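Protein chains in written order, with my numbering: chain A, 47 to 335; chain B, -7 to 223. All residues carry an ideal CB built from backbone N, CA and C; glycine is no exception. Nothing here was measured: the structure is a model prediction, and the numbers come from that model. Written out below as structure tokens is the structure these notes cover.
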């Protein structure tokens, strides 16, 4: 399957000469449709810069970025808003909803920007919000919503133009663990069911199990990439390096979240194999080093 | 004496009033002879000449006999007296008087208009600028999501149009209301709201809106959408 996002040798420098800072150094990776990639790293590691570059908000100093058919790194500035509007959905740490607009209009306005009439935009926004369980909050102003509800509105806004790629910046930072997990499961469900690629930048260690792949960014470069496997029994994502159990069957290596799943698998492996094929996301062909 | 002046002095028919240092009795009340600058009171010519110490007169009111054209008579009087006398028909005289009053007050009114325009411009520009500044982050979010500059300018223009339409509408309504109330409070002042004045106010509001929208538009054009990821 063709990757949605291709990042090749991307570097971003700020300043020049003695004051030059290289925020992102020669980064390459791809993200497949339906994949959830989590980018983690310490403060100042270049996560925000990388996210801005991926979102077409900042030009790389070198390298190429392709989102679907669009080569965004060399694209004219005037065309970038169109790419951001149609190909990328943004989910922000602070939700960033428009305070004067209702939930419905916060989502509809983005569809309107893309050219839909007000009634069409509202219809699409209403459907999305209902799907996300916010049908009873359509006319509410953001200030009347809980953190989790605000983030779901933000996700609906990110999805309204049916983008290929969703970029989420610390989507759980302002949420308690329950709502944080709820949002992460929602993002994962969207990625899997709608085959959208999701890239999440976060400090939150608790959400690692939701991602298919964890990329560790430090000093502007990826280090120690942790690829996540899916437990064929329960469907949980499992850190391959830390999986409590693993087994080889029919020439494939399987990872399990717990001994119980491992034992259950060994009783009747065949019954889990079809499911495993469906649940394992397509991983990128090229991995960063 | 004009009724408006008599009313403001608390006088009526038969009351005494001092004119040029001499006491006169009010024998009748006129209407429409008071304006924002002065009023007219009639006394006998002999009294005026005695009190002023001069036989000169400013105006003499003539009434032509039936069948005579006032315009022709006025032209004949003017021609006969060279530059000493200027004879005017009633409409011409009224027009000339209006012009004199306008000439005497137009500068004050123009200064007031300019001050009003500048204050309106300052208030509108400040309101729009502050509102844009206040929503700077939200505009940044829209820009990050994919809104183009012209789409954001539309928001500013809509805000300016709405503010100024409401402002101009309110101002016109207040002037209309003042036109009804003012003569009751100040009888020698009249306020007329003409269609021309409404158009002028509308154009001034449009001009104010265009100028006031410049700073917010410039601010939006410079807005960096990447700021949304910077917390």
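Next item on the list: Determine the DSSP secondary structure at residue 217 of chain B, reduced to helix, strand or coil.
Entry: The answer is helix: DSSP assigns residue 217 of chain B an H, G or I state.
Check: My guess is that residue 231 of chain A and residue 201 of chain A are in contact by the Cβ rule of under 8 angstroms, so how many angstroms apart are they, rounded?
Finding: In fact, because the Cβ distance is near 11 angstroms, the residues do not count as touching under 8 angstroms.
Next item on the list: Answer with buried or exposed for residue 170 of chain A, where buried requires no fewer than 16 other C-beta atoms within 10 angstroms of its C-beta.
Entry: Residue 170 of chain A should be labelled buried.
Checklist line | Reduced DSSP secondary structure (H/G/I, E/B, other) of residue 328 of chain A | finding: Only weak support is given to the placement of residue 328 of chain A: the predicted model assigns it a pLDDT of 35, under 50, and the question is left unresolved by the model.
Next item on the list: Can you tell me which of the three DSSP states residue 40 of chain B falls into?
Entry: It is helical.
Note to self: Rounded to the nearest angstrom, what separates residue 212 of chain B and residue 118 of chain B at their Cα positions?
What the structure shows: Taking the straight line from one Cα to the other gives about 15 angstroms.
Item checked: CB contact below 7 angstroms: residue 63 of chain A versus chain B -> Taking CB atoms only, residue 63 of chain A has no neighbour in chain B less than 7 angstroms away.
Check: Leaving out five residues before and five after residue 203 of chain B in sequence, what residues of the same chain have Cβ atoms less than 8 angstroms from its Cβ?
Finding: When the five nearest sequence neighbours on each side are left out, the beta carbons in the same chain lying within less than 8 angstroms of the beta carbon of residue 203 of chain B are those of 113, 117, in order along the chain.
Check: Does the beta carbon of residue 261 of chain A sit closer than 7 angstroms to a beta carbon anywhere in chain B?
Finding: For residue 261 of chain A, the answer is no, since every Cβ of chain B falls outside 7 angstroms of its Cβ.
Notebook entry, point to check: Can you name the residues of chain A whose CB is closer than 7 angstroms to the CB of residue 220 of chain B?
Noted result: Under the 7 angstroms cutoff, chain A gives 138, 142.
Check: Taking residue 306 of chain A as the reference, which of A:277, A:56, A:316 has the closest Cα?
Finding: When only C-alpha atoms are compared, the closest one is A:277.
Next item on the list: May I have a chain-ordered list of the beta strand (DSSP E) segments no shorter than 3 residues that lie completely inside the stretch 220 to 271 of chain A?
Entry: As far as the stretch 220 to 271 of chain A is concerned, its whole beta strand (DSSP E) runs of at least 3 residues are 243 to 247, 259 to 264.
Next item on the list: Confirm, please, whether the CB-CB distance from residue 25 of chain B to residue 32 of chain B is below 7 angstroms.
Entry: Contact: yes.
Margin query: Strictly below 7 angstroms CB to CB, what residues from chain B border residue 128 of chain A?
Written below: For residue 128 of chain A, the chain B residues whose Cβ falls inside 7 angstroms of its Cβ are 138, in order along the chain.
Notebook entry, point to check: What residues of chain B sit near residue 178 of chain A, judged by a beta carbon separation below 9 angstroms?
Noted result: Under the 9 angstroms cutoff, chain B gives no residues; its nearest Cβ is about 18 angstroms from residue 178 of chain A.
Next item on the list: Give a yes or no on contact between the stretch 122 to 140 of chain B and the stretch 142 to 162 of chain A, applying the rule of three or more CB pairs nearer than 8 angstroms.
Entry: Yes: the two stretches touch, three or more of their Cβ pairs being nearer than 8 angstroms.
Note to self: Can you tell me which residues form a DSSP beta bridge with residue 110 of chain A?
What the structure shows: A:54.
Next item on the list: Taking only beta-carbon positions, decide if residue 173 of chain B is within less than 7 angstroms of chain A.
Entry: Output row for residue 173 of chain B: interface = no.
Notebook entry, point to check: What are the partner residues of residue 298 of chain A, as DSSP defines its beta bridges?
Noted result: Paired residue(s): A:295.
Notebook entry, point to check: Candidates B:141, B:65, B:55, B:77: which alpha carbon is nearest residue 48 of chain B's?
Noted result: Checked all of B:141, B:65, B:55, B:77; the closest Cα to residue 48 of chain B is B:77.
Note to self: Going by DSSP, what residue range makes up the beta strand (DSSP E) through residue 26 of chain B?
What the structure shows: It is not in any beta strand (DSSP E) - residue 26 of chain B carries neither H nor E in the DSSP assignment.
Notebook entry, point to check: Three-state secondary structure (DSSP) at residue 247 of chain B?
Noted result: Any question about residue 247 of chain B goes unanswered here, given that chain B covers just -7 to 223.
Next item on the list: Tell me whether residue -7 of chain B is buried or exposed, calling it buried when 16 or more other Cβ atoms sit within 10 Å of its Cβ.
Entry: So residue -7 of chain B ends up on the buried side.
Item checked: DSSP three-state assignment for residue 182 of chain B, whether helix, strand or coil -> Reduced to three states, the DSSP call for residue 182 of chain B is coil.
Margin query: Please tell me whether residue 243 of chain A and residue 211 of chain A are closer than 7 angstroms, where the distance is taken between their beta carbons.
Written below: It is a contact, given that the beta carbons lie within the stated cut-off.
Next item on the list: Compare the beta carbon distance of residue 169 of chain B and residue 183 of chain B with 7 angstroms and say whether it is the shorter of the two.
Entry: No, these two residues do not count as a Cβ contact at 7 angstroms.
Notebook entry, point to check: So which of B:66, B:40, B:164, B:44 has the shortest CA-CA distance to residue 186 of chain B?
Noted result: Selection B:66, B:40, B:164, B:44 evaluated against residue 186 of chain B yields B:164 as nearest (Cα-Cα).
Check: How big is the Cα-Cα spacing for residue 122 of chain B and residue 207 of chain B?
Finding: Going by the C-alpha atoms only, they are around 10 angstroms apart.
Item checked: Buried or exposed (CB count within 10 angstroms, at least 16 for buried), residue 152 of chain A -> A residue is called buried once 16 or more other Cβ atoms fall within 10 Å of its Cβ, and residue 152 of chain A is buried on that count.
Notebook entry, point to check: Are the Cβ atoms of residue 103 of chain A and residue 218 of chain B separated by less than 7 angstroms?
Noted result: Residue 103 of chain A is a Cβ neighbour of residue 218 of chain B, given a cutoff of 7 angstroms.
Next item on the list: Report the rounded CA-to-CA distance for residue 196 of chain A versus residue 218 of chain A, giving the unit in angstroms.
Entry: Going from the Cα of residue 196 of chain A to the Cα of residue 218 of chain A covers about 11 angstroms.
Next item on the list: Report the three-state DSSP secondary structure of residue 275 of chain A (helix, strand or coil).
Entry: Judged by DSSP in its simplified three-state form, residue 275 of chain A adopts strand.
Notebook entry, point to check: Going along the chain, which residues of its own chain have a beta-carbon closer than 8 angstroms to the beta-carbon of residue 159 of chain A, five neighbours each way excluded?
Noted result: Same-chain partners within the cutoff: 131.
Notebook entry, point to check: residue 217 of chain B CB to nearest chain A CB: under 7 angstroms?
Noted result: For residue 217 of chain B, the answer is yes, since a Cβ of chain A falls inside 7 angstroms of its Cβ.
Next item on the list: Report the rounded CA-to-CA distance for residue 312 of chain A versus residue 78 of chain A, giving the unit in angstroms.
Entry: When the Cα atoms are used, residue 312 of chain A and residue 78 of chain A turn out to be separated by approximately 30 angstroms.
Note to self: Taking DSSP's pairing of strands, which residues face residue 211 of chain A in a bridge?
What the structure shows: Its beta-bridge partners are A:134, A:243.
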